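Taking it in order: structure first as structure tokens, then the write-up.
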Amino acid sequence: MIHKMKEFAADIRFSGAVLVTDEYDNVVWDGAFGYSNRADHIPNQTDTRFGVASGCKLFTAIAVCQLIEQGKLSLDSKLSDCLDIPLPNFSPEITVFHLLSHSSGIPDYFDEEVMDDFEDLWKAVPMYTLRNGRDFLPLFQSERMKFQPGERFHYNNAGFVLLGLIVEQHAGMPFRDYVQQFVFEPCGMQDSGYFPLDRLPANTAYGYIDEEDGTWRTNHYAIPIQGYADGGAYVTAPDMIKLWRSLMNNTLLTASMTEKLLASHNLNYGLGVWITKKNEDVFKYHVMGYDPGVNFRSAYYPATGHTLVVASNAGGGAFEMMQFIEEEWLK
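180 is the number that full-length UniProt numbering gives to position 180 of the sequence shown; each next residue is one higher, with no gaps.
What follows is the structure, encoded as structure tokens:
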């Protein structure tokens, strides 16, 4: 089986790390492929830090749910009541729940149903100016609603930017500091963080964009310079395993709040997490992230207790690797 896995990784030219653990956190299989630094031929390791793009929306959802448990918010809190920022064209009926479940109807700064190239955004707004949540506001705060709150599911990055700002206002500290202190530290995630691209720590993989002519470049001018509540954190595969384990054993949230977070609300989405079912039973809770030079998938399989992390510092391969493991190993 391990030989087949390595062959498959070679066939799809996978660059990144893979980690599978069982219900007791024993490593079932791990492997690393490709380079974290192509220019200097530094190989990826199983404990290399990788960008996760939108894979960290789950961290934001956990942070918001913690504040709800503290009585500072509720899922029914109106956006206009819990955020002191002018949003002139937004519906007064938008709630925290709508933002968490991608059903708010607000305009997005990057609408993945209409826009193809993330890099097009930086022609008008340089990526190096986006260091904090408020820096994203000019991209969407004066635009008009796309639909009425609760009308339908529409994946939305701007909604999670607003959630990050809500965390800051009600926790009284920067969003990244809150996640570090109240999400990462309780899990023992010592190697993860929202590191700026111009200050990446050691053992962090550069993201690579492969061009059609066979050349490549890093993604350092293709994504916001520092991640925020909508995406852009860096994690190691072992740290992501710790996150799932802490979520599922109610270290981060109470059992009742965890149940709300994992409940299917719109299509196959809970609060910051995707849900896939087979024969009406939950097959996996999972997160995913895509940015130029970033490809990330991670899942928890409740029937067996297995956890999977597939992190890549290239534009593709994570979905294929996850699918291969599920078909060959986690049937």
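Idealized CB from N, CA, C, for every residue including glycine.
No experiment lies behind these values; they were computed from the predicted model shown.
- Here residue 275 is bridged, per DSSP, to 285.
- Residue 135 and residue 129 have their alpha carbons spaced roughly 7 angstroms apart.
- Residue range 35-37 is occupied by the beta strand (DSSP E) that includes residue 37.
- Annotation for residue 319: 297 place their beta carbon closer than 7 angstroms to its own, counting only its chain and skipping 5 residues before and after.
- With fewer than 16 other beta carbons inside 10 angstroms of its own, residue 267 counts as exposed.
- Annotation for residue 318: the continuous alpha helix (DSSP H) segment containing it runs 318-328.
- Cβ-Cβ separation between residue 207 and residue 317: approximately 13 angstroms, too far for a contact (criterion under 8 angstroms).
- For residue 17, the enclosing beta strand (DSSP E) starts and ends at 16-21.
- Residue 215 and residue 270 have their C-alpha atoms spaced approximately 39 angstroms apart.
- Annotation: residue 167 to residue 102 spans about 17 angstroms, alpha carbon to alpha carbon.
- Residue 222 and residue 46 have their C-alpha atoms spaced approximately 25 angstroms apart.
- Between the segment 242-252 and the segment 180-195 there are three or more inter-stretch CB-CB distances shorter than 8 angstroms, so the stretches are counted as touching.
- Non-local beta-carbon contacts of residue 300 in its own chain, meaning distances under 7 angstroms to residues more than five positions away in sequence, involve 244, 248, 284, 285, 307 in chain order.
- Residue 201 sits away from residue 225, with the two beta carbons spaced by 8 angstroms or more.
- With distances taken between CA atoms, residue 291 lies nearest to 314 out of 314, 97, 42, 154.
- Check the Cα spacing between residue 311 and each of 14, 5, 3, 10: the tightest is with 14.
- A residue is called buried once 16 or more other Cβ atoms fall within 10 Å of its Cβ, and residue 88, having fewer, is exposed.
- Put simply, the backbone Cα of residue 171 is about 25 angstroms away from that of residue 109.
- If you draw a straight line from the Cα of residue 140 to the Cα of residue 161, it is about 10 angstroms long.
- Beyond the five residues adjoining it in sequence on each side, residue 183 comes within less than 7 angstroms, by CB distance, of 59, 62, 63, 252 in the same chain, given in chain order.
- In the structure shown, residue 268 adopts coil according to DSSP, grouped into three states.
- Exclusion of the five residues before and after residue 276 leaves 268, 283, 284, 286 as the residues of its chain whose Cβ lies within less than 7 angstroms of its Cβ.
- For residue 291, the secondary structure class from DSSP, reduced to helix, strand or coil, is strand.
- Runs of the alpha helix (DSSP H) lying entirely within the segment 192-253 and spanning at least 4 residues, in chain order: 237-248.
- If you look at residue 96, you'll find it in the alpha helix (DSSP H) that goes 96-100.
- Counting along the chain, no alpha helix (DSSP H) covers residue 307; the unbroken beta strand (DSSP E) around it starts and ends at 306-312.
- According to the DSSP assignment, residue 164 belongs to the alpha helix (DSSP H) that extends over 157-171.
- In this structure, residue 210 sits away from residue 49, with a CB-CB distance that is not shorter than 8 angstroms.
- Residue 59: member of the alpha helix (DSSP H) spanning 57-69, first to last residue.
- Checking the DSSP bridge columns, you'll see residue 150 has no partner listed.
- In the displayed model, residue 175 falls within a helix according to three-state DSSP.
- In this model, residue 86 and residue 41 are separated by some 48 angstroms (Cα to Cα).
- Counting C-beta atoms within 10 angstroms of its own C-beta, residue 144 has fewer than 16 neighbours from the protein chains shown and is therefore classed as exposed.
- Per DSSP, the unbroken alpha helix (DSSP H) holding residue 11 starts and ends at 2-11.
- Under the three-state reduction of DSSP, residue 25 is assigned to coil, being neither helix nor strand.
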